[in-house]
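Reminder that position 31 of the first sequence reads as 30 in numbering that gives the first Met the number 0, one-by-one numbering, no gaps.
Heads up, the beta-carbon is just placed ideally off N, CA and C, and yes, glycines get one too.
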Amino acid sequence: MIQKPKGTIDLYGKEGKKFIYLQNLIADLCEKYNYEYIKVPMFEASELFHRGVGETTDIVTKETYDFVDRGNRNLTLRPEGTAGVIRSFIENKMYANPNQPVKLYYIGSSFRYERPQSGRLREHTQFGVEVLGSDDPMVDAEIISIAVNLFKIIGLKGLVVKLNSLGDTESRIKYKDALINHFKPRIDELCDDCKLRLERNPLRVLDCKVDASHELMKTAPKTIDYFTDDSKNRFEKVKEYLDALEINYVVDPNLVRGLDYYSHTVFEIQAEIEGFGSQNTICGGGRYNNLVETLDGPATPGMGFGMGIERLLLALEAEEIDLIKDDRLDLFIANISSEKEEVFSIVQSVRLSGFKVETDYLNRNLKGQFKSIERLNPKYFIIIGDDELKSGQVKIKDNDTKEEETIGIYDIVDYLSVR
RNA sequence: GCGAUUAUGGUGAAGUGGUUAACACACCAGAUUGUGGCUCUGGCAUGCGUGGGUUCGAUCCCCACUAAUCGCCCCA
Numbered sequence: 000m001i002q003k004p005k006g007t008i009d010l011y012g013k014e015g016k017k018f019i020y021l022q023n024l025i026a027d028l029c030e031k032y033n034y035e036y037i038k039v040p041m042f043e044a045s046e047l048f049h050r051g052v053g054e055t056t057d058i059v060t061k062e063t064y065d066f067v068d069r070g071n072r073n074l075t076l077r078p079e080g081t082a083g084v085i086r087s088f089i090e091n092k093m094y095a096n097p098n099q100p101v102k103l104y105y106i107g108s109s110f111r112y113e114r115p116q117s118g119r120l121r122e123h124t125q126f127g128v129e130v131l132g133s134d135d136p137m138v139d140a141e142i143i144s145i146a147v148n149l150f151k152i153i154g155l156k157g158l159v160v161k162l163n164s165l166g167d168t169e170s171r172i173k174y175k176d177a178l179i180n181h182f183k184p185r186i187d188e189l190c191d192d193c194k195l196r197l198e199r200n201p202l203r204v205l206d207c208k209v210d211a212s213h214e215l216m217k218t219a220p221k222t223i224d225y226f227t228d229d230s231k232n233r234f235e236k237v238k239e240y241l242d243a244l245e246i247n248y249v250v251d252p253n254l255v256r257g258l259d260y261y262s263h264t265v266f267e268i269q270a271e272i273e274g275f276g277s278q279n280t281i282c283g284g285g286r287y288n289n290l291v292e293t294l295d296g297p298a299t300p301g302m303g304f305g306m307g308i309e310r311l312l313l314a315l316e317a318e319e320i321d322l323i324k325d326d327r328l329d330l331f332i333a334n335i336s337s338e339k340e341e342v343f344s345i346v347q348s349v350r351l352s353g354f355k356v357e358t359d360y361l362n363r364n365l366k367g368q369f370k371s372i373e374r375l376n377p378k379y380f381i382i383i384g385d386d387e388l389k390s391g392q393v394k395i396k397d398n399d400t401k402e403e404e405t406i407g408i409y410d411i412v413d414y415l416s417v418r
């Protein structure tokens with residue numbers, strides 16, 4: 000038997016229902032914020048991710064699905080959503096659109112070659128939004144509010160917004176050096192992972208769980224001390240806008256993100272739910288004011304997030320939230336007539352009038368069809384045989400009260416409509 | 001990339017170094033039933049992840065591989 004590739008999942012049945020329902024919900028919400036849907040390729044030139052996401056990041060150095068196609072092109076399955084959207088923004092010259100800023104959203108698969116565990120897959124679905132062309136802190140707050148409001152709509156409670164600022168690029172570089180100078184002389188006292196982190200991404204050292212209580216962590220330089228006044232004010236503004244939207248958040252000075260392109264605002268939304276796995280970041284994002292330039296576009300500020308739909312599904316499960324409320328079958332039509340086509344056409348017409356209708360496709364006898372009715376539990380059911388077709392009268396039975404009423408065979412829709 | 005645990009039918013699972021691998025649910029056939037829901041009867045893994053090895057003999061012991069689950073790193 001051929002099985003699915005490691006780290007992938009099949010979503011079907013109830014889970015599949017939730018998945019598509021969430022996507023519709025997301026689309027509705029984004030429309031209200033006036034974001035436009037964008038669909039970009041699932042694979043891009045490898046170079047895009049190397050330059051966009053960052054040459055030294057874990058994602059690019061050891062997690063991409065790279066391949067060479069039959070035309071000898073170096074391609075990569077996208078490991079995240081932003082780089083492709085930015086590429087499209089530049090390629091389609093959206094920076095010249097009359098309406099600025101450009102507000103986009105997308106939903107699609109991302110691929111990373113990692114060891115699967117709870118909340119981590121090799122193919123996962125990301126919902127993301129990006130705003131390009133405005134550096135206003137209002138945009139930062141709006142982006143965060145989209146995620147928060149989605150969670151509100153679906154009733155998720157155990158989530159916390161963690162917020163931080165990395166400052167502008169200049170202060171970030173200065174701060175990086177300060178960290179290296181601080182840790183380097185005594186690096187031997189820290190764990191092996193920290194030694195690697197100091198080389199690759201010094202900010203991450205602060206995030207270490209093993210050495211969290213080490214003296215060097217407490218005496219480490221703070222981001223805020225390296226901020227320019229502008230950066231400080233900017234961060235304050237973001238907080239004011241969030242307050243205005245009544246969004247709760249926790250400022251976490253140790254919050255850094257793994258992708259190279261971030262500057263200023265960064266945030267994560269984490270699940271703090273009993274029994275949730277250790278991969279608890281459901282949504283993460285921030286500002287990237289240099290990314291468009293890095294990818295050869297005109298200097299354009301940007302802000303966005305990515306959200307893991309599968310993790311969202313896990314959170315819903317952990318909080319036992321039943322997303323799908325009304326998916327009960329309206330009507331089952333048992334077809335025991337010798338003129339199956341006539342009954343079949345009645346089934347279709349009731350469906351097209353807006354009701355959820357099921358029938359039998361296996362030419363089962365009445366007993367078998369009753370079993371289906373029992374399993375599917377429709378609100379109503381009707382048995383149509385030759386007698387009913389001849390008389391034009393059917394008995395419609397309320398499956399809850401077991402009450403039966405005789406109506407005309409073409410009055411089914413009317414009957415259901417007034418209930 | 002590293003670590004831990006696991007791998008028996010459609011599902012949940014019990015089990016043993018040696019004739020027919022428990023039990024439950026589901027499913028199928030039939031009986032009964034005021035069109036189904038209850039009850040009863042019967043059926044349902046020639047095989048215990050894959051490949052090697054140990055043994056007279058392995059689903060049960062050993063090794064490798066694969067996969068799953070969870071954790072580290074990292075991230076959605």
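Item                                                                                                                               : Value
The alpha helix (DSSP H) enclosing valine 52, as first and last residue numbers                                                    : 45-52
Distance, glutamate 79 Cα to glutamate 62 Cα                                                                                       : 11 Å
Beta-bridge pairing of methionine 302 - partner residues as DSSP gives them                                                        : Val130 and Arg286
Integer Cβ distance of asparagine 148 from leucine 28, believed to fall under 8 Å                                                  : 7 Å
Nearest-angstrom Cα separation, counted from serine 344 out to valine 160                                                          : 53 Å
Closest residue to asparagine 33 among Gly83, Pro97 and Tyr104 (Cα-Cα distance)                                                    : Tyr104
Inter-residue spacing [alpha-carbon to alpha-carbon] between glycine 157 and aspartate 229                                         : 34 Å
Integer Cβ distance of proline 300 from glycine 132, believed to fall under 8 Å                                                    : 7 Å
Chain-order list of residues whose beta-carbon lies under 7 Å from that of arginine 256 (same chain, five-residue window excluded) : Val265, Gly283 and Gly285
Same chain, Cβ closer than 6 Å to leucine 205, five either side skipped, listed in chain order                                     : Asn253
DSSP bridge partner residues for alanine 333 (one or two, in chain order)                                                          : Ile382
Pick from Ser170, Ala298 and Leu294 that is closest to histidine 263, judged by C-alpha positions                                  : Ser170
Three-state class that DSSP yields for arginine 119 in the structure shown                                                         : strand
Contact under 8 Å by Cβ, serine 485 with asparagine 71                                                                             : Residue 485 lies beyond the residue range present for the chain, which begins at 0 and ends at 418; the question has no answer from this structure.
Distance, lysine 370 Cα to glycine 384 Cα                                                                                          : 17 Å
Given glutamate 239 as reference, the closest of Ala95, Thr358, Ile381 and Asp135 once Cα atoms are compared                       : Asp135
Member of Phe354, Gly407, Leu328 and Ala333 whose CA lies at the smallest distance from the CA of leucine 375                      : Leu328
Euclidean distance between Cα positions of alanine 317 and phenylalanine 18                                                        : 16 Å
Limits of the alpha helix (DSSP H) - the one that isoleucine 58 falls within                                                       : 57-61
Buried or exposed by the 16-neighbour rule on C-beta atoms within 10 Å, applied to lysine 102                                      : buried
Residue interval of the alpha helix (DSSP H) (run including leucine 162)                                                           : Leucine 162 -> not in any alpha helix (DSSP H); beta strand (DSSP E) instead, spanning 158-164.
Exposed unless 16 or more other CB atoms sit within 10 angstroms - verdict on glutamate 141                                        : buried
Valine 101: first and last residue of the uninterrupted beta strand (DSSP E) it sits in                                            : 101-110
Where histidine 263 sits in the DSSP three-state scheme                                                                            : strand
Where the alpha helix (DSSP H) containing threonine 81 begins and where it ends                                                    : 81-90
First and last residue of the uninterrupted alpha helix (DSSP H) at threonine 168                                                  : 168-182
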